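A.B. asks: Mind looking over this structure? Questions follow.
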Amino acid sequence: MAGSDTFGRTIGAFISANRLGNAVVELTVDSHEGAIGSEQQPMLMTVYLAYAEDAKRQHYLALQVSQGSSLYDALEQADWLAKFPELASWCQEVMDNATPTAKQWHVGVYAKKQPLSYILQPLDRIEVYRSLSADPMSQRKSKSRGLQNSL
Numbered sequence: 232m233a234g235s236d237t238f239g240r241t242i243g244a245f246i247s248a249n250r251l252g253n254a255v256v257e258l259t260v261d262s263h264e265g266a267i268g269s270e271q272q273p274m275l276m277t278v279y280l281a282y283a284e285d286a287k288r289q290h291y292l293a294l295q296v297s298q299g300s301s302l303y304d305a306l307e308q309a310d311w312l313a314k315f316p317e318l319a320s321w322c323q324e325v326m327d328n329a330t331p332t333a334k335q336w337h338v339g340v341y342a343k344k345q346p347l348s349y350i351l352q353p354l355d356r357i358e359v360y361r362s363l364s365a366d367p368m369s370q371r372k373s374k375s376r377g378l379q380n381s382l
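Under our numbering, residues 232 to 382 are what the sequence shown spells out, in order.
As structure tokens, then:
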């Protein structure tokens, strides 16, 4: 279903489902070159950022970014690169990596590691991962050994 406004722009609606299964309606406006008010304004979308520095310090943020923004752009726009210097230095080290490496990667979207060049989608949840102080598997083994020794 499409219509037009007084400036001759075509207006339409596109209905789809987002990652959570909710219906999403996206309005589209096609403007003609030279029409009044045809300046292109960037379309904004909401993304979420999450970072747990430790058990007591967690950071969550909803952020409006332009469509086509990368994961790195969002971290920079949220001012997290200035707030967390270790994240900024890590980003500089891996800026050109297109493929995340298993144990050395610190950012992702919805628990999946992504390169800093990843183009964000509406409602993406950007997660900043911290290094583990101990390997979870070795911790479980140590606990089980301790239980066996006490029996």
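Glycine included, every Cβ here is placed at the ideal spot set by N, Cα and C.
Here the structure is a predicted model, which means the values were calculated and not measured.
What are the boundary residues of the beta strand (DSSP E) that includes GLN289?
C.D. replies: 289–297 is the span of the beta strand (DSSP E), which, as asked, contains GLN289.
A.B. asks: Tell whether a beta-carbon distance below 7 Å holds between PRO273 and SER300.
C.D. replies: No, Cβ-Cβ distance for PRO273 and SER300 is not below 7 Å.
A.B. asks: Please work out which residues of its chain come closer than 8 Å, Cβ to Cβ, to SER373, disregarding the five sequence neighbours upstream and downstream, and give them in chain order.
C.D. replies: Contacts found: none.
A.B. asks: With distance defined between alpha-carbon atoms, name the residue in PRO353, ARG371, GLU317 and SER369 nearest to ARG361.
C.D. replies: When only C-alpha atoms are compared, the closest one is GLU317.
A.B. asks: One question on the structure: do GLU358 and GLY339 come within less than 7 Å of each other, judged by their Cβ atoms?
C.D. replies: Yes. Within cutoff.
A.B. asks: Identify which residue in TYR279, GLU284 and TYR349 has its Cα closest to the Cα of THR330.
C.D. replies: Looking at the Cα atoms, TYR349 is the closest of the given residues.
A.B. asks: Rounded to the nearest angstrom, what separates ASP355 and ASP285 at their Cα positions?
C.D. replies: Roughly 23 Å between the two C-alpha positions.
A.B. asks: Measuring CB to CB, does ALA313 end up less than 7 Å from LEU292?
C.D. replies: Not closer than 7 Å, so no.
A.B. asks: Does DSSP classify SER373 as helix, strand or coil?
C.D. replies: Of the three classes helix, strand and coil, the one that applies to SER373 here is helix, per DSSP.
A.B. asks: The alpha helix (DSSP H) that contains LEU312, what's its start and end?
C.D. replies: 311–314 is the extent of the alpha helix (DSSP H) around LEU312.
A.B. asks: Pull up the CB-CB distance for CYS322 and LEU347, whole angstroms please, since I reckon it's below 8 Å.
C.D. replies: Contact holds; Cβ gap of about 6 Å.
A.B. asks: Which partner residues of GLU358 appear in the DSSP bridge assignment?
C.D. replies: GLU358 is bridged to ALA281 and GLY339.
A.B. asks: Let me know the secondary structure DSSP gives LEU351 once reduced to three states.
C.D. replies: Coil at LEU351, not helix or strand.
A.B. asks: With GLN295 and LEU275 assumed to form a contact (beta carbons below 8 Å), what rounded beta-carbon distance in angstroms separates them?
C.D. replies: Going by Cβ atoms, the distance from GLN295 to LEU275 rounds to 5 Å, so yes, they are a contact pair.
A.B. asks: If I measure Cβ to Cβ from TRP336 and keep anything under 8 Å in the same chain, skipping five residues before and after, which residues do I get?
C.D. replies: Around TRP336: VAL325, LYS344 and TYR360.
A.B. asks: With burial defined as no fewer than 16 other Cβ atoms inside 10 Å of the residue's Cβ, what is the status of ALA342: buried or exposed?
C.D. replies: The residue in question, ALA342, is exposed, as its Cβ has fewer than 16 Cβ neighbours within 10 Å.
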